[in-house]
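Have a look at the structure below, then the notes.
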Ligand SMILES: Nc1ncnc2c1ncn2[C@@H]1O[C@H](COP(=O)(O)OP(=O)(O)OP(=O)(O)O)[C@@H](O)[C@H]1O
Ligand SMILES: [Mg+2]
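Residue numbers (our numbering), protein chains in the order written: chain A, 249 to 531; chain B, 44 to 299.
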């Protein structure tokens, strides 16, 4: 219990608290309600994935958390402070790679340092390291147009990681990768997250959007399943698989069961196997 | 080497057409005996272009300077105004109607006024060229700076980058292709403006050569001046093309 209390004290750092968040886009053809009544709290150092059908508001939710779009109702608190403008110290991986096409891969990765007014030269080494980590070391001098979609995504991942932010908001960062590279990147991401680290305090907080259920199960502490139009929380799963997770994790029966349960909730399929995951309704 | 060979093959049709036209031109004047004051043959024109009859170098210098000056003034003021418009919506709303009004003026008709205000010489000619050429730069700069993915804007906001930095690092490079394509138009407009100025009043320059040789029926000289003008125009246009290769290779880069 004391451990728990300690964690709550740290909760004020990179935790995310969403309280009955609603978000409606005003468009030329009328309002589009993208999110309704989203209540969710992400603890510091927690890895939470969002899954849900296309258009259910996952990207919108990330934008609201990042302070890039204002919510229309409810409140978001990050790092103990209400979000009213773009929040600091966040690494954002956009759904599209959003690379600057006039810059080389290396200079794209270094952009955060330049924009934040830090000396880019001091981050070169780290940038090269990140490129190596993502298998792009030979492409540092190339322009984005010379890269495949999956490679561009990895560049944008490196860019998000450059300043080592304590909070990562990632929108389908591995969507354009082949299955094998994707599995590899999953493991790398867990390393970057700090899976092997001593405790949650040393881990980053990650909010991760994906369309792949196995990917969500493999990576996450918790999985938030969303339902569309307007985007709401359909259910939250605790993934109690042991860490560190390895290639073998994917082959376990529990892994399969989690995947199946989430699949059932997403599709509304009636499962004939008893659900083992600790599923609970949105708090 | 291979690349050069391919470039040559690619331009061959244009070269052939050009050579063919010159041959037809020459034949038209010699075989059908078109009189020289109506249409001098290419050989005559070439001779006139280098004849010591007039001080070509001097005229080319004066006109070249007017064209170049017009281009630089148009480019710099255009980019500045365009940036101001994109920077502040208040400034944009204040400036745009005025600029649109200026653009609807028949600028060539303003030439005599410029001469009245600025006196004779190279400066009014520059200003006329600049006046004709700067509007596309303003518009394209403003549009290029604003035509940007929401995501790219968000990228700047995620890092809490100050506005000027977002302009310097994201918006302005993003606008290069727009600005450079406007500068190609401006290169041509600068030539028109400079020549119009010289038509209206001047003692120097290639436009002046055309006017005086017309009144003395020395058509080969007028043709010679015309070709010198287009060479100046081509040089400027080529310089802009090279500049856009250097500054915005990603926009040209579709070649490969
Ligand atoms: N800029 C915008 N303007 C207006 N409506 C928008 C905008 N962005 C998203 N929407 C609408 O909001 C809803 C949620 O969009 P969002 O992009 O958040 O979905 P998503 O879950 O990320 O989908 P996907 O999985 O396809 O990326 C959709 O109905 C979409 O049409
Ligand atoms: Mg999305």
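We treat Cβ as the ideally placed atom computed from N, Cα and C, and that holds for glycine.
Indicate whether residue 347 of chain A and residue 410 of chain A have their beta-carbon atoms separated by less than 8 Å.
Walking along the first chain from the start, residue 347 of chain A turns up at place 99. Walking along the first chain from the start, residue 410 of chain A turns up at place 162. For residue 347 of chain A and residue 410 of chain A, no; Cβs fall outside 8 Å.
State yes or no: is the beta carbon of residue 291 of chain B nearer than 8 Å to at least one beta carbon in chain A?
For the purposes of this step, residue 291 of chain B is identified with residue 248 of the second chain, where counting begins at 1. It does: the Cβ of residue 291 of chain B has a partner Cβ on chain A nearer than 8 Å.
Whose C-alpha, out of B:225, B:238, B:148, is nearest the C-alpha of residue 283 of chain B?
The residue you call residue 283 of chain B lines up with position 240 of the second chain. For residue 283 of chain B, the nearest C-alpha among the options comes from B:225.
Per DSSP, cross-strand counterpart(s) of residue 267 of chain A
Against the first chain, residue 267 of chain A aligns to sequence position 19. According to DSSP, residue 267 of chain A bridges with A:323.
Per DSSP, what kind of secondary structure is residue 97 of chain B in: helix, strand or coil?
Taking the first residue of the second chain as 1, we reach residue 97 of chain B at position 54. In the structure shown, residue 97 of chain B sits in coil (DSSP, three-state: anything other than H, G, I, E or B).
Chain A beta carbons: is any one of them nearer than 8 Å to that of residue 298 of chain B?
In the second chain, counting from the first residue as 1, residue 298 of chain B sits at position 255. Only weak support exists for where residue 298 of chain B lies, its pLDDT of 40 falling under 50; the value from the coordinates is given anyway. No, no contact with chain A.
I want to verify the contact list: residues of chain B whose CB lies under 7 Å from the CB of residue 340 of chain A, in sequence order.
Here the question's residue 340 of chain A lines up with position 92 in the first chain. Ordered by position in chain B, the residues that pass the 7 Å Cβ test against residue 340 of chain A are 201.
Can you confirm whether residue 139 of chain B, when its beta carbon is compared against all beta carbons of chain A, has any partner nearer than 8 Å?
Within the second chain, the letter at position 96 stands for residue 139 of chain B. Not closer than 8 Å to any Cβ of chain A, the Cβ of residue 139 of chain B fails to qualify, so no.
Cβ-based burial, residue 453 of chain A [other Cβ within 10 Å; buried from 16]
Here the question's residue 453 of chain A lines up with position 205 in the first chain. Burial call: buried.
Under 8 Å, do residue 307 of chain A and residue 458 of chain A count as touching if we go by C-beta distance?
Position 59 of the first chain holds residue 307 of chain A. Position 210 of the first chain holds residue 458 of chain A. Result no, Cβ atoms of residue 307 of chain A and residue 458 of chain A do not sit closer than 8 Å.
Just grab the DSSP bridge partners of residue 274 of chain A for me.
As a working note, residue 274 of chain A is residue 26 in the first chain. Paired residue(s): A:279.
What I want to know is whether the C-beta of residue 401 of chain A ends up closer than 7 Å to one or more non-hydrogen atoms of ligand 2.
If you number the first chain from 1, residue 401 of chain A lands on position 153. Residue 401 of chain A: no, Cβ never under 7 Å from ligand 2.
Chain-ordered chain B contacts of residue 346 of chain A [CB-CB under 9 Å]
Locating residue 346 of chain A in the first chain gives position 98, counting from the first residue. The answer, in chain order, is 192, 194, 195, 197, 198.
Beta carbon of residue 302 of chain A: closer than 7 Å to some heavy atom of ligand 1?
Start at 1 with the first residue of the first chain, and residue 302 of chain A comes out as number 54. Residue 302 of chain A Cβ: within cutoff of ligand 1.
Minimum C-alpha distance to residue 80 of chain B - residue among B:281, B:262, B:275, B:268:
Against the second chain, residue 80 of chain B aligns to sequence position 37. Of the listed residues, the one whose Cα sits closest to residue 80 of chain B is B:262.
Kindly indicate which three-state DSSP category residue 487 of chain A falls into: helix, strand or coil?
Taking the first chain and counting its residues from 1, the one referred to as residue 487 of chain A is at position 239. Correct three-state label for residue 487 of chain A: coil.
Does residue 415 of chain A come within less than 8 Å of chain B when only Cβ atoms are used?
The residue labelled residue 415 of chain A in the question sits at position 167 within the first chain. Output row for residue 415 of chain A: interface = no.
Helix or strand or just coil, what does DSSP make of residue 287 of chain A?
Walking along the first chain from the start, residue 287 of chain A turns up at place 39. Note: residue 287 of chain A maps to strand in three-state DSSP.
Counting C-beta neighbours from all protein chains within 10 Å, is the total for residue 509 of chain A 16 or more, i.e. buried, or is it exposed?
Sequence index remark: in the first chain, residue 509 of chain A carries index 261 (1-based). Per the 10 Å Cβ criterion, buried.
Can you look up residue 479 of chain A in the DSSP assignment and give me helix, strand or coil?
Counting from 1 along the first chain, the entry for residue 479 of chain A is found at position 231. In this structure, residue 479 of chain A counts as strand in the three-state DSSP scheme.
Quick one: grab the DSSP three-state call for residue 530 of chain A.
On the first chain, residue 530 of chain A is found 282 positions in, with the first residue counted as 1. The pLDDT assigned to residue 530 of chain A is 43, lower than 50, so where the model puts this residue is not dependable, and the model offers no usable value.
Can the beta-carbon of residue 335 of chain A be found closer than 8 Å to that of residue 315 of chain A?
Here the question's residue 335 of chain A lines up with position 87 in the first chain. Here the question's residue 315 of chain A lines up with position 67 in the first chain. Yes, the Cβ-Cβ distance between residue 335 of chain A and residue 315 of chain A is below 8 Å.
Give the residues of chain A in contact with residue 213 of chain B, contact being defined as C-beta atoms less than 8 Å apart.
Position 170 of the second chain, counting from 1, holds the residue named residue 213 of chain B. The answer, in chain order, is 348.
For residue 280 of chain A, which residues from the same chain have a beta carbon less than 7 Å from its beta carbon, with the 5 sequence-adjacent residues on both sides left out?
For the purposes of this step, residue 280 of chain A is identified with residue 32 of the first chain, where counting begins at 1. So the list reads 272, 273, once near-sequence residues are dropped.
Count the other CB atoms, across all protein chains shown, that sit within 10 Å of the CB of residue 141 of chain B; report buried if there are 16 or more and exposed otherwise.
Numbered from 1 along the second chain, position 98 holds the residue referred to as residue 141 of chain B. So residue 141 of chain B ends up on the exposed side.
Under 8 Å, Cβ to Cβ, is there at least one residue of chain A near residue 216 of chain B?
In the second chain, residue 216 of chain B corresponds to position 173, counting from 1. Yes, its Cβ sits closer than 8 Å to a Cβ of chain A.
Does residue 362 of chain A come within less than 8 Å of chain B when only Cβ atoms are used?
Translated into positions along the first chain, residue 362 of chain A becomes position 114. It does; some Cβ of chain B falls within 8 Å.
Could you give the DSSP three-state label for residue 454 of chain A: helix, strand or coil?
Position 206 of the first chain holds residue 454 of chain A. Reduced to three states, the DSSP call for residue 454 of chain A is strand.
Closer than 6 Å by C-beta to residue 413 of chain A: which residues in its own chain qualify, once you throw out the five before and the five after it? Chain order, please.
Taking the first chain and counting its residues from 1, one reaches residue 413 of chain A at position 165. These residues qualify, in order along the chain: 337, 338, 339.
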